[in-house]
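K.L.:
Dropping a structure here in structure tokens format, bear with me for questions.
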Ligand code: NAD
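Residue numbers (this note's numbering): 1237 to 1666.
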């Protein structure tokens, strides 16, 4: 097996000018509408924005952004080739590529819609070609009236935080009211957050990231994880809450606890989840029910109670932890995949209902992330599962946490109803 590239990861919190000292190539063929916003976003993040590659052929570039919103007809595809063919070898290790495609709504011109979708296919293929260098390639479908929402998107997808997010496409729209504090804002100071299953694994990393950005975090977990819960809360200054989300009356107990903490939530991260893997013919009914109850029924019940009680504030954020099993299905995971796919549908259906209040609702779908959950897998499954992606390695809890943190920021106000994978561009469900 070839040694995978060492992925660059952010250690601390967001920086005001994360691309300071870096060049960013902005490819802006005629006819697009996103280039000025992209240029401003890159410059605001500290990058030196270049219209052409430096003449010295040995010089590499870490960030490449293309405004492909002008691609409307098949002939326009040539712009992709012309932009990337000459420079593809000069994209640096751990580089970032972001393509902005036009957002063509359902019912729009079919050829324009097809051309836009083709940009995603190009990006996904480029991601597979460059993955061994640790380069992440993503697509943003941008509505013409939502270019002001690109600043946060650029900071995430062109930054270190997107380490394990590649081959993804998100829609950026103006459907959710933008926050007062500005589209690029990444600050979570003054925000109240809840992370379920936060004692360990991905949840713990989410607690860490949200706390790092200044949020006050309530970390919920079961009594059986009390020691880990205490340790996590002590480490990150979070507020512990011991609760089984499936216990009878759990949503009401949670609502009472939130009231005792001074009111509502700004960020709700439904991270708690379990597996009970067996082929369907061998699956016991109690394992079916347990997974459905924890991974989906409890989540829907909590949302319903908190929303009815007015405990999710305007401009709030909800993030569900789905899985690539929910995208692709997985052998031995009929129960788990059903619940994780349900969350994808749930996020998409909740989003328009909560948009008028400025609330964004999204899911993330991790691939193979090294935690206690994946440590339980047999050796061979673990080895294969962690290697079957463009980056040829497993992700870390921090990678998933970075995506959750980004989706929790004011700067992600253009993204709602989406499911974003954090899977190193896994082959499963690709
Ligand atoms: P983990 O098992 O390490 O942590 C899950 C946490 O949830 C634990 O602290 C556990 O005590 C808590 N929990 C379980 N049942 C609960 C309940 N009824 N009430 C409250 N808390 C409860 O798992 P992880 O790998 O960190 O996964 C976190 C989430 O990410 C899960 O939803 C999982 O399905 C999802 N996910 C993980 C991976 C991966 O590769 N690790 C991949 C895809 C999706």
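The C-beta atom is built at its ideal place from N, Cα and C for all residues, glycine as well.
Pick out the complete beta strand (DSSP E) segments inside the stretch 1367 to 1434, 3 residues or longer, and give them in chain order.
P.N.:
1372 to 1378, 1405 to 1408 and 1428 to 1432
K.L.:
Is it a yes or a no for the stretch 1421 to 1432 touching the stretch 1393 to 1411, going by three-plus beta-carbon pairs under 8 Å?
P.N.:
no
K.L.:
Taking 7 Å as the cut-off, is the beta-carbon of residue 1507 closer than that to any non-hydrogen atom of the ligand NAD?
P.N.:
yes
K.L.:
Return yes when the C-beta of residue 1628 is under 7 Å from any heavy atom of the ligand NAD, and no when it is not.
P.N.:
no
K.L.:
Quick check: residue 1652 and residue 1505, are their CB atoms within less than 8 Å of each other?
P.N.:
no
K.L.:
CA-CA distance, residue 1523 and residue 1615?
P.N.:
Distance from the CA atom of residue 1523 to the CA atom of residue 1615, rounded to whole angstroms, is 23 Å.
K.L.:
Suppose the cutoff is 8 Å on Cβ atoms and the five residues either side in sequence are ignored; what does the same chain contact list for residue 1368 look like?
P.N.:
1238, 1240, 1241, 1626, 1627 and 1628
K.L.:
Could you give the distance in angstroms between the alpha-carbon of residue 1333 and the alpha-carbon of residue 1449?
P.N.:
25 Å
K.L.:
In its own chain, which residues sit with a C-beta less than 7 Å from the C-beta of residue 1443, not counting the 5 before and 5 after it?
P.N.:
1431, 1434, 1453, 1455, 1468, 1472 and 1474
K.L.:
Quick one: grab the DSSP three-state call for residue 1439.
P.N.:
helix
K.L.:
Using DSSP's beta-bridge definition, name the partner residues of residue 1538.
P.N.:
Answer by DSSP bridge pairing: none, since residue 1538 is not bridged.
K.L.:
To the nearest angstrom, how far is it from the Cα of residue 1447 to the Cα of residue 1317?
P.N.:
Rounded to the nearest angstrom, the gap between the Cα atoms of residue 1447 and residue 1317 is 43 Å.
K.L.:
What is the DSSP secondary structure of residue 1609, counted as helix, strand or coil?
P.N.:
helix
K.L.:
Do residue 1458 and residue 1480 have their beta-carbon atoms positioned less than 8 Å apart in this structure?
P.N.:
yes
K.L.:
For the alpha helix (DSSP H) containing residue 1580, name the first residue and the last one.
P.N.:
Taken as a continuous stretch (DSSP letters only), the alpha helix (DSSP H) holding residue 1580 covers 1570 to 1590.
K.L.:
What separation, rounded to the nearest whole angstrom, lies between the Cα atoms of residue 1361 and residue 1322?
P.N.:
Taking the straight line from one Cα to the other gives about 17 Å.
K.L.:
For the ligand NAD, is there any heavy atom lying closer than 7 Å to the beta carbon of residue 1437?
P.N.:
yes
K.L.:
Give the DSSP bridge partners of residue 1301, in chain order.
P.N.:
1262 and 1334
K.L.:
By Cβ distance below 7 Å, which residues in the same chain neighbour residue 1624 in space, the five residues on each side in sequence not counted?
P.N.:
1662, 1663 and 1664
K.L.:
Alpha carbon to alpha carbon, how far is residue 1515 from residue 1646? Give it in angstroms, no decimals.
P.N.:
42 Å
K.L.:
If you check the beta carbons only, do residue 1490 and residue 1538 fall under 8 Å apart?
P.N.:
yes
K.L.:
So, are the CB atoms of residue 1359 and residue 1375 less than 8 Å apart?
P.N.:
Contact check for residue 1359 against residue 1375 passes: the beta carbons are separated by less than 8 Å.
K.L.:
For residue 1454, does the three-state DSSP call read helix, strand or coil?
P.N.:
strand
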